[in-house]
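Have a look at the structure below before the remarks.
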Amino acid sequence: DGGITQSPKYLFRKEGQNVTLSCEQNLNHDAMYWYRQDPGQGLRLIYYSQIVNDFQKGDIAEGYSVSREKKESFPLTVTSAQKNPTAFYLCASSIGQGPVEQYFGPGTRLTVT
Amino acid sequence: GESVGLHLPTLSVQEGDNSIINCAYSNSASDYFIWYKQESGKGPQFIIDIRSNMDKRQGQRVTVLLNKTVKHLSLQIAATQPGDSAVYFCAENIRGSQGNLIFGKGTKLSVKP
Numbered sequence: 025d026g027g028i029t030q031s032p033k034y035l036f037r038k039e040g041q042n043v044t045l046s047c048e049q050n051l052n053h054d055a056m057y058w059y060r061q062d063p064g065q066g067l068r069l070i071y072y073s074q075i076v077n078d079f080q081k082g083d084i085a086e087g088y089s090v091s092r093e094k095k096e097s098f099p100l101t102v103t104s105a106q107k108n109p110t111a112f113y114l115c116a117s118s119i120g121q122g123p124v125e126q127y128f129g130p131g132t133r134l135t136v137t
Numbered sequence: 045g046e047s048v049g050l051h052l053p054t055l056s057v058q059e060g061d062n063s064i065i066n067c068a069y070s071n072s073a074s075d076y077f078i079w080y081k082q083e084s085g086k087g088p089q090f091i092i093d094i095r096s097n098m099d100k101r102q103g104q105r106v107t108v109l110l111n112k113t114v115k116h117l118s119l120q121i122a123a124t125q126p127g128d129s130a131v132y133f134c135a136e137n138i139r140g141s142q143g144n145l146i147f148g149k150g151t152k153l154s155v156k157p
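As you go down the protein sequences, you meet chains A and B in turn.
Under the working numbering, the letters of the first sequence match residues 25 to 137, in that order.
Under the working numbering, the letters of the second sequence match residues 45 to 157, in that order.
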C-alpha cells in the first residue's frame with residue numbers, strides 16, 4: 025500500500041528532552057510538510073521541503089528542526105527550546121510543483137510533562 | 045483520540061439532509077482551494093479541490109462552490125450520513141507560495157441518525 029506513515033502514534037517525554045518524530049512516504053513525492061495542530065485549531069505549518077537536502081521554515085519553526093537526507097523521509101525534532109510542545113503533529117506530502125493536494129499521515133500525539 | 049473539535053463552529057444536521065459548510069478567505073491572490081475531512085485522532089483526508097479559474101466542482105455526493113467576488117468557499121454534502129460526522133477544514137494556496145496551504149480553523153459536522 026502506498027501512503028505516509030508516522031510513528032509512534034502516541035509519544036510521551038519529560039520537559040527538557042529533545043524528541044524526534046518519524047515521517048516516511050512511499051508515494052515518490054518530492055514535497056513534504058510538517059504541521060502542528062492544537063485543540064480547536066487549524067493546522068499550522070512548521071517546516072516544509074520541496075526537494076531532498078533542502079527545507080524551509082514555515083510559520084512556527086522556532087524550537088523545531090528537520091532534515092531531508094532521503095526523498096522518502098522527513099523527520100521532525102522537537103527541541104527543548106519549544107515552549108509548548110504538547111500537540112498533535114501531522115506530516116504530509118505532495119508531488120510538489122505548485123498547489124496540489126497534500127496527503128496526510130495519521131499523526132503523532134506528543135505529550136510533554 | 046485527539047480533541048480537534050473543541051470550541052469549533054458546529055453544524056448539526058439530520059441524517060439524509062444536505063449539509064453546507066462555509067469558509068471565508070481574505071487573500072485575493074489565492075488560486076487554489078481544498079477541503080479536508082478530519083475524524084477524531086486521525087490525519088485529514090482529501091475531499092475535493094478547486095482552482096480559482098472555476099466556480100463549481102462536483103465529486104461523489106460533494107460539491108464545492110467558489111465565489112471570488114465575496115471571497116467565499118462552500119462545501120455541500122448531499123444526503124448526509126453518520127459517517128460524515130467529522131471536522132471539515134478549508135485551505136487555500138496563495139499564488140507564488142510554492143504550494144503551501146493555509147488552513148482555516150474548521151467546522152464540526154454532527155449528523156443525527
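Every residue gets a Cβ at the ideal spot worked out from N, C-alpha and C, and that includes glycine.
Q: Could you tell me the distance, in whole angstroms, from the CA atom of B:Glu46 to the CA atom of A:Pro32?
A: Since pLDDT at B:Glu46 reaches only 38, below the 50 mark, its modelled position is unreliable, and the value read off the structure follows with that caveat. Those two C-alpha atoms are separated by around 14 Å.
Q.
Can you look up B:Asp128 in the DSSP assignment and give me helix, strand or coil?
A. helix
Q) What is the rounded straight-line gap between the Cα of A:Glu93 and the Cα of A:Asp78? A) Near 9 Å, if we compare the C-alpha coordinates of A:Asp78 and A:Glu93.
Q) Which chain B residues are close to A:Val124, counting only those with a beta carbon under 7 Å from its beta carbon? A) Gly143
Q | Length of the line joining the Cα atoms of B:Phe147 and A:Lys38 | A | 30 Å
Q | Residue environment, B:Asp93, which counts as buried when at least 16 other CB atoms sit within 10 Å | A | buried
(Q) Is the beta carbon of B:Asn137 closer than 8 Å to that of B:Trp74? (A) The sequence shown places Ser at residue 74 of chain B, rather than the Trp named in the question. Their beta carbons are under 8 Å apart, which means B:Ser74 touches B:Asn137 by this criterion.
Q) Listing by chain order, which chain A residues have their CB less than 7 Å from the CB of B:Pro88? A) Phe128
Q: Would you verify that the beta carbon of B:Asp75 is, or is not, closer than 8 Å to some beta carbon of chain A?
A: yes
Q) So which of B:Tyr132, B:Asp61, B:Asn66 and B:Glu59 has the shortest CA-CA distance to B:Val114? A) B:Asn66
(Q) Does the structure place the segment 39-58 of chain A close enough to the segment 89-105 of chain A that three or more beta carbon pairs sit under 8 Å? (A) yes
Q | Rounded separation between B:Asp61 and B:Asn97 - CA only | A | 30 Å
Q.
Against chain A, which members of the segment 91-104 of chain B pass a CB distance test of less than 7 Å?
A. Taken in chain order, the members of the segment 91-104 of chain B whose beta-carbon sits within less than 7 Å of a beta-carbon on chain A are Asp93.
Q. How many Å lie between A:Gly87 and A:Tyr34 at the Cα?
A. 20 Å
Q) Which residues in chain B sit within 7 Å of A:Gly66, going by Cβ to Cβ distance? A) By Cβ distance, chain B contributes Phe133, Phe147, Gly148, Lys149 and Gly150.
(Q) Please tell me whether B:Asn144 and A:Leu69 are closer than 8 Å, where the distance is taken between their beta carbons. (A) Pairing B:Asn144 with A:Leu69 gives a Cβ-Cβ distance under 8 Å.
**Q.** Top-ranked residue by Cα proximity to B:Pro157, from B:Pro53, B:Gln58, B:Thr54 and B:Leu52
**A.** B:Gln58
Q.
Quick check: what's the CA-CA separation for A:Thr23 versus A:Val136?
A. There is no way to answer for residue 23 of chain A, as the model of chain A reaches only from 25 to 137.
Q | Option nearest A:Thr29 by Cα separation, candidates A:Gly122, A:Leu114, A:Leu134 and A:Glu125 | A | With distances taken between CA atoms, A:Thr29 lies nearest to A:Leu114 out of A:Gly122, A:Leu114, A:Leu134 and A:Glu125.
Q) What's the call for B:Leu50, buried or exposed, on a 16-neighbour Cβ count within 10 Å? A) Note on B:Leu50: pLDDT 48, under 50, position unreliable in the model; the coordinate value appears next. Answer is exposed; the Cβ neighbour count stays below 16.
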